[in-house]
Amino acid sequence: MEKKFAFFKRSLLSGGLVASLLTIASFTNVTYSQTSCANSTVLFSEDFGTGTTATSSPDIIPGALDFQASGSLVAEGVYRIINSTHQKSEWHNASDHTGNADGKMLVANGQAEVFYNHVLTNTSGFENGFYSLSAFAMNVDTPGTCSQPKLTTLTYNVEYLNASSVWVPLVGSPYVAAPLQQEFPAKWVSQGALINLPVVNNFTITSIRVRISDGTVGGCGNDFALDDISFAQCPANAPTPVEFLNISARQKGSGVSVDWSTSQEFNSDYFDLEKSVDGNFNWTYVNTVKAAGNSSVVKNYNIYDAKPFSGYSFYRLKQVDKDGKFKYSKTVKININISKTGVSVLANPFRNVLVVDFLSSKDEVVKARLIDITGRVAANENWSVTSGSTRKEFSNVNHLQPGMYILNVSNAAGEILYNNKVIKQ
Numbered sequence: 000m001e002k003k004f005a006f007f008k009r010s011l012l013s014g015g016l017v018a019s020l021l022t023i024a025s026f027t028n029v030t031y032s033q034t035s036c037a038n039s040t041v042l043f044s045e046d047f048g049t050g051t052t053a054t055s056s057p058d059i060i061p062g063a064l065d066f067q068a069s070g071s072l073v074a075e076g077v078y079r080i081i082n083s084t085h086q087k088s089e090w091h092n093a094s095d096h097t098g099n100a101d102g103k104m105l106v107a108n109g110q111a112e113v114f115y116n117h118v119l120t121n122t123s124g125f126e127n128g129f130y131s132l133s134a135f136a137m138n139v140d141t142p143g144t145c146s147q148p149k150l151t152t153l154t155y156n157v158e159y160l161n162a163s164s165v166w167v168p169l170v171g172s173p174y175v176a177a178p179l180q181q182e183f184p185a186k187w188v189s190q191g192a193l194i195n196l197p198v199v200n201n202f203t204i205t206s207i208r209v210r211i212s213d214g215t216v217g218g219c220g221n222d223f224a225l226d227d228i229s230f231a232q233c234p235a236n237a238p239t240p241v242e243f244l245n246i247s248a249r250q251k252g253s254g255v256s257v258d259w260s261t262s263q264e265f266n267s268d269y270f271d272l273e274k275s276v277d278g279n280f281n282w283t284y285v286n287t288v289k290a291a292g293n294s295s296v297v298k299n300y301n302i303y304d305a306k307p308f309s310g311y312s313f314y315r316l317k318q319v320d321k322d323g324k325f326k327y328s329k330t331v332k333i334n335i336n337i338s339k340t341g342v343s344v345l346a347n348p349f350r351n352v353l354v355v356d357f358l359s360s361k362d363e364v365v366k367a368r369l370i371d372i373t374g375r376v377a378a379n380e381n382w383s384v385t386s387g388s389t390r391k392e393f394s395n396v397n398h399l400q401p402g403m404y405i406l407n408v409s410n411a412a413g414e415i416l417y418n419n420k421v422i423k424q
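Residue 224 in numbering that gives the first Met the number 0 sits at position 225 of the sequence shown; the count goes up by one each step and never skips.
In structure tokens:
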């Protein structure tokens with residue numbers, strides 16, 4: 000049944016201040032999410048209908064959660080489908096995810112079980128490719144309900160039935176959502192994942208099931224609401240395996256720190272950072288970082304380029320999937336400021352060799368000293384640094400005792416270029 004949005008006001012003078020604030024919270028902090036893939040075809044959705052009478056659901060597994068028609072949901076492992084989360088005195092008085100006062104949802108006093116099971120059947124067969132699973136969940140406890148709350152952690156599993164009548168997870172499944180936090184005002188949290196149905200040779204997949212489990216044992220805090228479960232098929236040309244949120248480059252010492260993040264990843268293997276002097280040709284490899292693999296939460300990454308070009312440097316990422324397919328990010332550029340010689344330590348802590356990188360606008364001679372905690376100079380060297388990027392290393396530090404030292408670098412005029420802690424392992 001399609002839900003309709005409802006918006007209305009409650010007076011702070013009726014029902015007491017706290018009760019009114021909890022009611023207001025039902026309508027001011029509902030969050031909405033974007034679908035995992037644009038122009039998807041919904042194959043199954045469950046909004047639990049509308050009404051004010053408690054009902055059960057055929058998709059809730061008896062014994063995992065038991066239907067309780069009336070009374071406070073005090074016992075562990077009980078639920079009802081109802082239009083308000085206020086099914087226990089200390090729970091929020093919140094409406095369903097859409098804000099509809101009559102919209103129903105699953106409200107439960109949870110325990111660690113697979114509690115939800117829905118099977119989809121298509122006699123013509125499900126196509127291989129990307130699918131999305133999404134839902135909205137809420138921690139229904141008001142903050143302070145439990146001194147050490149047991150936060151609900153939901154896991155979403157999508158499986159297909161193979162030729163041997165065995166349920167097999169789709170690629171990217173199961174998806175474990177972050178624990179639901181106690182919040183005020185009440186907050187609906189978007190959860191879900193992008194998953195892939197692989198090609199199964201000589202077999203047509205006609206059955207897929209969606210299962211949701213609670214990974215937290217019963218007890219104070221494992222109380223939640225669930226609404227608007229949806230399973231959808233993505234278009235054949237979407238989505239891309241990795242969705243970039245941003246990529247940026249900033250000068251850090253004598254080098255450049257390239258930072259980026261992804262909003263979702265599927266089957267990702269690694270990222271290669273490449274650089275160029277003009278952003279068009281002659282791209283050179285900088286370094287590699289391992290990707291998350293499968294993720295539907297924000298992931299942050301960083302690579303440090305110790306030897307950027309003098310002047311403008313252009314950077315891009317080559318994102319490579321586990322099947323060898325790849326794509327490039329957008330290109331970013333940075334103009335390296337070398338009005339003053341920049342100094343960076345390549346690896347800190349260090350073991351047998353201390354590597355130091357320079358970025359200078361001119362040829363010059365610098366003096367480098369390692370000073371121990373007593374103030375004694377434990378090692379020193381004079382280095383010739385050329386215009387642009389130069390790499391030098393202390394080759395006589397193997398004998399030093401493990402511990403903290405100060406690396407001090409100065410130019411011929413005595414100006415301090417670098418003075419920071421380094422650790423000998």
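Glycine included, every Cβ here is placed at the ideal spot set by N, Cα and C.
Would you check if the distance between the CB atom of N121 and the CB atom of T205 is smaller than 7 angstroms?
yes
Would you mind working out which of N127, D140, V118, G128 sits nearest V106, comparing C-alpha positions?
D140
So, helix, strand or coil for E75, using DSSP?
coil
Are the stretch 353-363 and the stretch 377-395 in contact at 8 angstroms, needing three or more beta carbon pairs?
yes
Out of E126, V364, V285, which has the shortest C-alpha to C-alpha gap to G413?
V364
Outcome for N221 when other beta-carbon atoms lying within 10 angstroms are tallied against a minimum of 16:
buried
First and last residue of the uninterrupted beta strand (DSSP E) at G109
Neither: G109 is in no beta strand (DSSP E) and is coded neither H nor E.
If I measure Cβ to Cβ from P178 and keep anything under 6 angstroms in the same chain, skipping five residues before and after, which residues do I get?
L150, T152
For the beta strand (DSSP E) containing R350, name the first residue and the last one.
Premise fails: R350 is in no beta strand (DSSP E) and is neither H nor E.
Buried or exposed, going by whether 16 or more other CB atoms sit within 10 Å of the CB of I422?
exposed
Measure the Cβ-Cβ separation of V408 and V342 and say whether it is below 7 angstroms.
yes
Selection from T51, L358, N161 that minimises the alpha carbon distance to F202:
N161
Taking 8 angstroms as the threshold, find out whether the stretch 317-324 comes into contact with the stretch 244-259 through three or more Cβ pairs.
no
Where does the unbroken beta strand (DSSP E) through Q424 begin, and where does it stop?
Segment: none, Q424 is in no beta strand (DSSP E) and carries neither H nor E.
Which whole-angstrom value describes the C-beta separation of V331 and N301, a residue pair presumed to lie in contact below a C-beta threshold of 8 angstroms?
Between N301 and V331 the Cβ distance is about 14 angstroms, and since that is not below 8 angstroms, they are no contact.
If you scan the stretch 91-173 from start to end, which runs of the beta strand (DSSP E) of 3 or more residues do you find wholly inside it?
104-108, 112-120, 128-138, 153-160, 166-168
Check S25 in the structure and name its three-state DSSP category.
Note on S25: pLDDT 42, under 50, position unreliable in the model; no value is reported.
Threshold first: 3 residues or longer. Then list the beta strand (DSSP E) segments lying entirely within the stretch 209-277, N to C.
222-232, 241-251, 254-264, 267-275
If you follow the beta strand (DSSP E) that R315 is in, where does it begin and where does it stop?
311-320
Apply the 10 Å Cβ neighbour rule to Q424 and answer buried if 16 or more other Cβ atoms are within range, or exposed otherwise.
exposed
Here's the rule I'm using: 16 or more other beta-carbon atoms within 10 Å means buried, otherwise exposed. How should E264 be labelled?
buried
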